[in-house]
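See below for the structure under consideration.
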Amino acid sequence: MPVEPADTWVFGYGSLMWNPGFAYAEARRARLTGFHRAFCIYSIHYRGTERQPGLVLGLDRGGICDGIAFRIAPERRAETVSYLRRRELIYGVYRETLVPVVLGHETGEAPRTVWAITYIAERAHPAYAGCLPLRREASLIRRSAGRGGTNLDYLLSTLRHLKELGISERRLDRLLTLTGALAARAASTNCARSPTAALARAWATRTFATPRTVRDNRFGYRAKRG
């Protein structure tokens, strides 16, 4: 399938999908093969601290990822790329790259593959967490918070927006169940309190007996065992 080189496209797989922060001429569902969406980045500022790191999304190798591709008008290309670099490359944990993505199409319409700018996890960076056991991810997410808010709210927001876009992520659904957020969300509906507060109360004394991994000590990113 030929790849169209002319237009500038940006592929969003996380918050860029629902909060791009830039003007675009067109937005289309798109699929990237060879990478998947994962909580593979330690966050020590946005959703955690150095003492209690959280986890945020990254694009890691393998699998497929459904997201949104944004087409950028030629006259806005320079300002858009500048904005994205300020947003995504501030700590060096993401790497800018061009990837071929297949655009969503209507029945009878020919599939289109375009080159898109995206930001993948930089595996050599100390904040790269890799594929942690699911219980370990849940342990970090349910207890961490940073200047951007709680890690749990980040997970809930991600899943809510993915559902609105019709994107299903089975691993993230299991992660949500492990954090106890489902029970917390039901409780918040009944008592009009935040999911995070309800989760904190419900799980105040609960711990996970998860063994420490070698990666916990990598480059000084020492996380407490959950």
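Residue 221 in the working numbering sits at position 221 of the sequence shown; the count goes up by one each step and never skips.
Glycine residues also receive a C-beta, built at the ideal position from the N, C-alpha and C atoms.
Your pair Ala69 and Ala30 checks out as a contact, with CB atoms roughly 4 Å apart and the cut at 8 Å. DSSP, reduced to helix, strand and coil, places Glu26 within a strand of the structure shown. Inter-residue distance for Asp7 and Arg71 is about 7 Å (C-alpha atoms, whole angstroms). From the listed residues Glu109, Ala121, Val102, Ala124, the smallest Cα separation to Trp115 is found for Val102.
Judged by DSSP secondary structure, Thr177 falls within the alpha helix (DSSP H) whose first and last residues are 170-179. The beta-bridge partner set that DSSP reports for Leu59 consists of Arg37. In this structure, the alpha-carbon of Ala145 lies about 41 Å from that of Arg112. When rounded, the separation of the alpha-carbon atoms in Leu55 and Ala127 is 9 Å.
The residues Ile141, in chain order, have a CB closer than 6 Å to that of Leu155 in the same chain once the five nearest residues on each side in sequence are set aside.
Assignment of beta-bridge partners to Ala69 by DSSP yields Phe11, Arg28. Thr158 sits in a helix when the DSSP states are folded into three classes. Cα atoms of Cys65 and Pro20: separation of roughly 17 Å, rounded to the nearest angstrom.
Excluding the 5 residues flanking it on each side, Tyr24 has same chain C-beta neighbours closer than 7 Å at Phe70, Arg71, Ile72, in chain order. Taking 7 Å as the cut-off, the beta carbon of Gly14 is found no closer than this to the beta carbon of Cys40. The C-alpha of Glu109 is placed about 48 Å away from the C-alpha of Thr49.
In the DSSP assignment, Leu103 falls within the unbroken beta strand (DSSP E) covering 94-103. According to the DSSP assignment, Thr118 belongs to the beta strand (DSSP E) that extends over 112-121. Under the three-state reduction of DSSP output, Ser43 falls in the strand class.
Within the same chain, Tyr94, Glu96, Tyr119 come within 8 Å of Glu88 by CB-CB distance, once the 5 residues on both sides are set aside.
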